[in-house]
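**Q** Below is one structure. I have some questions about it.
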Amino acid sequence: MDISALLKGDVEQWNIFLVSRLPRLLAILCTGIGMSVSGLIMQQLCMNKFVSPTTGATLSSAKLGILIALVFLPGSTLWGRAIFSFVFALLGTWIFVWFIQSIKFKDTIMVPLIGIMFGNIIGGITGFLAYRYEMTQALTSWESGHFSLVLRGRYEIVYLVLPLIILAFIFSSHFNIVGMGKEFSSNLGVNYKVVLVMGLSIAAAITASIVVVVGSISYIGLIIPNIVALYKGDKLSGTLPDTALLGALFVLISDMLARTIIAPYELPISFVIGIIGSLMFIAIIFHKLKGGKKLQKGVGINGNKCSCS
Amino acid sequence: MTIERLKKKYDGKSVVKDISFEIPKGKIISLIGPNGAGKSTVMGMISRLIAKDGGNIKFEDKDLAKWKSKELAKRLAILTQHNNVQMKLTVRELVAFGRFPYSGSHLTAEDLEMIDKAIEYMELKEYENRFIDELSGGQRQRAYIAMVIAQDTEYVLLDEPTNNLDIYHSTNMMKMVRRLCDELGKTVVLVLHELNYAAFHSDYICAFKDGKIAKFGTVEEVITKEVLSEIYNVEFEIMKIAGKPLTIYY
Amino acid sequence: MEINAAALKEKRRMLWILGALVLLSIVFYMTIDVNLSNSKFLAFSMKLRTPKMVAMVVAAFAIGAASIVFQSVINNTIVTPCLLGMNSLYTLIHTVIYFFFGAASIFVVNAKASFLLDLVMMVVTATIIYGVLFKKTNYNILYILLIGTVLSSLFGSMQEAMIRVMDPNDYDNLLLTLVAGFDNINGEIIVLCIVLLLLVAFFLRKDIALLDVITLGKHQAINLGVDYDKCIRRMLIGVTIYIAIATAMVGPVSFLGLILSNLSRQLLKSYRHTYLILGASMIGMLSLVAGQILVEHVFTYAIPVSIFITLGGGIYFLFLLLSAKKG
Chain V
82 MDISALLKGD VEQWNIFLVS RLPRLLAILC TGIGMSVSGL IMQQLCMNKF VSPTTGATLS
142 SAKLGILIAL VFLPGSTLWG RAIFSFVFAL LGTWIFVWFI QSIKFKDTIM VPLIGIMFGN
202 IIGGITGFLA YRYEMTQALT SWESGHFSLV LRGRYEIVYL VLPLIILAFI FSSHFNIVGM
262 GKEFSSNLGV NYKVVLVMGL SIAAAITASI VVVVGSISYI GLIIPNIVAL YKGDKLSGTL
322 PDTALLGALF VLISDMLART IIAPYELPIS FVIGIIGSLM FIAIIFHKLK GGKKLQKGVG
382 INGNKCSCS
Chain Y
265 MTIERLKKKY DGKSVVKDIS FEIPKGKIIS LIGPNGAGKS TVMGMISRLI AKDGGNIKFE
325 DKDLAKWKSK ELAKRLAILT QHNNVQMKLT VRELVAFGRF PYSGSHLTAE DLEMIDKAIE
385 YMELKEYENR FIDELSGGQR QRAYIAMVIA QDTEYVLLDE PTNNLDIYHS TNMMKMVRRL
445 CDELGKTVVL VLHELNYAAF HSDYICAFKD GKIAKFGTVE EVITKEVLSE IYNVEFEIMK
505 IAGKPLTIYY
Chain H
3 MEINAAALKE KRRMLWILGA LVLLSIVFYM TIDVNLSNSK FLAFSMKLRT PKMVAMVVAA
63 FAIGAASIVF QSVINNTIVT PCLLGMNSLY TLIHTVIYFF FGAASIFVVN AKASFLLDLV
123 MMVVTATIIY GVLFKKTNYN ILYILLIGTV LSSLFGSMQE AMIRVMDPND YDNLLLTLVA
183 GFDNINGEII VLCIVLLLLV AFFLRKDIAL LDVITLGKHQ AINLGVDYDK CIRRMLIGVT
243 IYIAIATAMV GPVSFLGLIL SNLSRQLLKS YRHTYLILGA SMIGMLSLVA GQILVEHVFT
303 YAIPVSIFIT LGGGIYFLFL LLSAKKG
């Protein structure tokens with residue numbers, strides 16, 4: 082794109098800019114901000130640093146919702162699909178959170194594992210339905226998220242992210258308190274259940290509105306909040322702007338990579354983020370593992386020498 | 265067994281610093297000391313479970329590292345604290361593993377005899393066909409000791425054998441250890457937390473502090489007010505009961 | 003001489019019954035809907051069904067054995083090599099080789115050469131990656147699982163990204179060898195696979211007995227005179243080769259190993275790995291062949307077997323994960 086032509090007021094260039102480039106940029110920013118913030122909210126509410134739309138069944142449920150809309154309401158608009166997607170994302174997330182809360186233990190690693198498996202099962206159901214109704218082809222376009230189809234007129238739902246983020250900002254201290262536990266929050270006069278349900282709904286709504294436009298992009302909600310927490314600590318209101326900005330930056334850089342690696346073609350961004358994201362996630366796990374080890378050593382050297390258990 | 269200038273580091277931090285001592289044959293030797301003093305690490309190194317960072321361990325006049333693992337398994341047995349079996353294994357099957365260094369998985373008549381003897385010795389006859397994971401902690405511990413007995417080694421190393429046992433079972437465990445030494449002539453090395461068990465049942469005591477040996481000697485030499493107060497940083501009183509020194513700390 | 007002759011006899015009987023059932027299902031599969039009096043038709047359907055049947059038997063054995071051995075090596079029954087992404091690694095390696103050598107190379111044209119190169123690369127990368135993983139996590143099973151599932155998605159993303167970048171001709175060729183499934187088995191390498199399977203089994207026959215001891219835990223195994231580290235390394239290499247063979251023949255089936263190994267352990271309640279491995283592979287053969295009969299003749303290809311395995315396996319895994327923690 083030629084900036085000088087743009088400045089001269091070339092109508093053609095302006096058209097490209099407004100129809101394709103600007104929507105794309107906005108969609109990228111909304112995706113980055115939205116996914117990382119919804120990850121942050123979920124981590125706070127579940128008291129677990131490894132929960133996110135990807136590891137909490139939100140993303141896979143949102144996809145199932147879209148597929149159901151496609152199968153049973155073939156004439157549905159983008160908005161119709163978004164609503165289906167939202168409802169399913171919400172249900173999936175609620176079931177997951179109810180599940181991990183009803184089992185008494187809270188092993189840090191167990192919770193995301195259950196989430197991943199739960200997501201796999203929902204993915205299996207989605208795959209089965211798609212196969213049954215010959216929708217496999219349609220499904221693949223949501224399977225891998227990409228921005229190449231983001232054009233004026235078919236992406237505006239993504240803007241829903243903005244009011245939702247503002248809502249999250251307003252209630253951030255509430256989420257923080259609920260994250261401290263049920264007793265803690267009722268002690269401070271915060272209604273645990275209402276805030277929990279509201280927080281999860283916001284996260285699900287953000288996820289759904291992004292999935293329906295760009296498709297599924299994993300790991301952002303998982304790694305961005307963790308990176309911010311590494312240097313800023315865990316208080317939500319303080320970390321929220323950082324998380325949002327870093328998320329936007331991360332998706333923007335990934336998108337540039339996706340477009341330049343095999344230019345003039347472009348890679349779906351979900352692959353780029355999938356690769357970078359999973360590597361970063363593994364690095365974070367190793368980092369946590371090391372920190373945990375040191376803690377154990379302080380207690381005594383007998384404990385961690387027994388690798389047999 | 266002779267230990268010379270033994271060293272071990274974890275993440276750059278020395279946990280065992282230049283330790284030398286000798287394990288007298290046919291006796292019970294208890295290793296005592298506060299948490300993190302290095303006793304379990306020393307135990308791990310003399311039983312080849314943990315790699316050493318420096319020093320020499322001589323077993324029967326031959327460097328421990330030069331022994332073939334299988335040959336060593338016929339002369340030296342170690343039982344650690346954490347034994348977690350995921351398999352469905354009966355007591356008898358577990359004890360039979362003690363014969364693995366000798367016969368692999370094809371047992372001879374002699375092996376079967378040793379297995380029966382070990383089971384009887386640990387009074388496990390009535391449980392011998394029960395699964396390990398269905399037993400109580402004390403029974404399971406006895407089953408593992410029975411395996412070590414079936415292994416029929418001159419040296420037996422036990423890392424906190426009384427851990428997680430109640431008073432009845434840990435007292436019985438210590439009596440059993442004494443019998444292993446007196447009746448079967450084995451050399452037993454123990455890591456113990458309970459000072460009075462160490463004082464009452466062992467012949468020698470090796471006291472550790474901060475990765476070094478604070479005192480090595482007979483029970484009477486080590487179990488004294490001065491030595492123990494120095495090692496544990498609390499006040500001690502020593503009393504004599506049945507001719508043995510017993511400790512009270514406060 | 004045996005320490006528990008009666009129980010052992012019972013377990014042997016169970017294995018014989020399983021074996022008989024497997025034979026029965028194979029015969030049934032081969033002859034169902036076949037007109038035996040028409041020799042031409044018979045020959046045709048045999049030619050069609052034999053490779054499929056052999057592939058199922060080989061895959062069941064490879065996956066069953068690899069899963070049992072792997073579980074015992076890391077002393078945990080809710081993990082299988084496929085859950086840690088070993089089959090995605092194989093698919094990735096296969097794609098990488100196509101990507102760098104191109105469609106004209108010997109490693110692409112010749113199915114056997116291609117498979118052997120895959121195998122070598124697989125053994126090297128898998129032993130490095132998983133060796134580091136086990137060591138770094140200090141054999142902490144939950145961390146291994148979490149990182150393993152992430153690795154599995156990482157390999158998936160890398161492979162898909164590579165496909166997008168690939169030359170369309172290479173891509174077509176790749177697809178032919180990659181999209182293996184029970185309805186589309188990779189026939190060219192069957193003999194090679196069988197030979198390899200048997201060779202590995204022969205070389206590791208002594209280690210299988212050591213595995214009985216290794217399940218007592220690392221310390222006990224060393225105490226009983228097992229050369230632990232070397233034995234584990236040999237075993238892992240064997241597991242990698244088996245998974246590569248299974249993936250090359252019938253494609254990735256993530257949860258199958260988990261189901262087979264746990265069913266076998268529950269059915270036989272034995273610590274003897276020869277029995278467990280035989281049990282798991284025969285349960286695998288039985289369920290694959292029976293499943294295939296159902297898919298081909300009852301559902302007439304309406305539902306692919308893999309979706310059944312994913313759904314059932316996922317739920318079963320959640321169940322195992324939860325009950326293991328509580329117990």
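Residue numbers (our numbering), protein chains in the order written: chain V, 82 to 390; chain Y, 265 to 514; chain H, 3 to 329.
All residues carry an ideal CB built from backbone N, CA and C; glycine is no exception.
Is there a Cβ of chain H sitting closer than 9 Å to that of I477 of chain Y, yes or no?
**A** I477 of chain Y does not count as touching chain H.
**Q** Between the region 463 to 471 of chain Y and the region 295 to 303 of chain Y, are three or more C-beta pairs nearer than 8 Å?
**A** Taking 8 Å as the limit for Cβ pairs, the verdict is that the region 295 to 303 of chain Y does touch the region 463 to 471 of chain Y.
**Q** Looking at the secondary structure, which residues open and close the beta strand (DSSP E) in which R269 of chain Y lies?
**A** R269 of chain Y -> beta strand (DSSP E) spans 266 to 274.
**Q** Residues of chain V with a CB under 7 Å from the CB of T151 of chain H: which are they?
**A** Here the neighbours are I197.
**Q** If the criterion is Cβ atoms closer than 9 Å, does the pair I247 of chain H and I70 of chain H meet it?
**A** Cβ distance not < 9 Å, so I247 of chain H and I70 of chain H don't count as in contact.
**Q** So, helix, strand or coil for P53 of chain H, using DSSP?
**A** If DSSP states are grouped into helix, strand and coil, P53 of chain H belongs with the helices.
**Q** Interface residues of chain Y around K271 of chain H at Cβ under 7 Å?
**A** Within chain Y, the residues near K271 of chain H are K352.
**Q** Where does the unbroken alpha helix (DSSP H) through S304 of chain Y begin, and where does it stop?
**A** S304 of chain Y -> alpha helix (DSSP H) spans 303 to 310.
**Q** When you compare the CB positions of V228 of chain H and L212 of chain H, do they come within less than 9 Å of one another, or not?
**A** Yes. Within cutoff.
**Q** Give a yes or no on whether the minimum CB-CB distance between K378 of chain V and chain H is below 9 Å.
**A** A caution first: K378 of chain V carries a pLDDT of 34, below 50, which makes its placement in the model unreliable, though a value can still be read off. Not closer than 9 Å to any Cβ of chain H, the Cβ of K378 of chain V fails to qualify, so no.
**Q** Verify whether the separation of the beta carbon atoms of T417 of chain Y and L340 of chain Y is less than 9 Å.
**A** In contact: T417 of chain Y and L340 of chain Y (Cβ atoms closer than 9 Å).
**Q** Out of V:L348, V:M128, V:Q94, V:C111, state which residue places its alpha-carbon closest to the alpha-carbon of N307 of chain V.
**A** It is V:M128 whose Cα lies nearest to the Cα of N307 of chain V.
**Q** Using a beta-carbon distance cut-off of less than 8 Å, what residues from the region 228 to 243 of chain H approach chain Y?
**A** Within the region 228 to 243 of chain H, the qualifying residues are V228, D229.
**Q** Could one say the Cβ of D209 of chain H lies closer than 9 Å to chain Y's Cβ atoms, at least one of them?
**A** It does not; no Cβ of chain Y falls within 9 Å.
**Q** I need the boundaries of the alpha helix (DSSP H) containing K381 of chain Y, first residue and last residue.
**A** Unbroken alpha helix (DSSP H) run through K381 of chain Y: 373 to 385.
**Q** In three-state terms, what does DSSP make of F395 of chain Y?
**A** Strand, per DSSP.
**Q** Please name the residue in V:P244, V:M191, V:I197, V:L220 whose C-alpha comes closest to that of Y145 of chain H.
**A** Nearest C-alpha to Y145 of chain H: V:M191.
**Q** Within the continuous alpha helix (DSSP H) that includes V167 of chain H, where are the two ends?
**A** 143 to 167 is the span of the alpha helix (DSSP H), which, as asked, contains V167 of chain H.
**Q** Can you give me the Cβ contacts of L376 of chain V inside the same chain, cut-off strictly under 7 Å, excluding the 5 residues immediately before and after it?
**A** Caution applies to L376 of chain V, whose pLDDT of 39 falls short of 50 and renders its modelled position unreliable; the model cannot decide the point.
**Q** Should L238 of chain H be labelled buried (16 or more other beta-carbon atoms within 10 Å of its own) or exposed?
**A** When all chains shown are included, L238 of chain H counts as buried.
**Q** State the start and end residues of the unbroken alpha helix (DSSP H) segment that holds V202 of chain H.
**A** That run of the alpha helix (DSSP H) goes 192 to 205.
**Q** Between T344 of chain Y and chain H, is there a C-beta pair that is closer than 9 Å?
**A** Closer than 9 Å: yes.
**Q** Is Y255 of chain Y helix, strand or coil when you go by DSSP?
**A** An answer regarding residue 255 of chain Y cannot be provided, because it is not within the stretch 265 to 514 covered by chain Y.
**Q** At a Cβ threshold of 9 Å, is G133 of chain H touching chain Y?
**A** No, no contact with chain Y.
**Q** From V193 of chain H to E324 of chain Y, what does the alpha carbon distance come to, in whole angstroms?
**A** Their Cα atoms are separated by approximately 53 Å.
**Q** When you compare only the Cα positions, how much space is there between L322 of chain H and I396 of chain Y?
**A** About 20 Å.
**Q** Select from H:I143, H:Q73, H:V125, H:H221 the residue whose C-alpha is nearest the C-alpha of N347 of chain Y.
**A** Cα-wise, what sits closest to N347 of chain Y is H:H221.
**Q** Is there a Cβ of chain Y sitting closer than 9 Å to that of L262 of chain H, yes or no?
**A** By this cut-off, L262 of chain H is not an interface position.
**Q** By DSSP's criteria, M503 of chain Y is part of a beta bridge. Which residues make up the other side?
**A** Looking at the DSSP assignment, M503 of chain Y forms a beta bridge with Y:L510.
**Q** Distance, Cα to Cα, Q125 of chain V vs N272 of chain V?
**A** Cα to Cα, the separation comes out at about 16 Å.
**Q** Ordered along the chain, which non-local residues of its own chain (more than five positions away) have a Cβ less than 8 Å from that of S390 of chain V?
**A** Any reading at S390 of chain V must be qualified, since the residue scores a pLDDT of 27, below 50, and its modelled position is unreliable; no value is offered.
**Q** In the region 361 to 386 of chain Y, which residues sit with their C-beta less than 7 Å from some C-beta in chain H, listed in chain order?
**A** So the list reads F361, F364, P365, G368, S369, L371, T372, A373, L376, I379, given in the order they occur along the chain.
**Q** List the endpoints of the continuous beta strand (DSSP E) containing V280 of chain Y.
**A** Counting along the chain, the beta strand (DSSP E) containing V280 of chain Y begins and ends at 277 to 286.
**Q** What are the residues in the region 351 to 366 of chain V lying within 8 Å of chain H by C-beta distance?
**A** Answer in chain order: S351, F352, V353, G355, I356, S359, L360, F362, I363, I366.
**Q** What are the boundary residues of the alpha helix (DSSP H) that includes G281 of chain H?
**A** First-last of the alpha helix (DSSP H) with G281 of chain H: 275 to 295.
**Q** For L313 of chain Y, which of helix, strand or coil comes out of DSSP?
**A** Correct three-state label for L313 of chain Y: coil.
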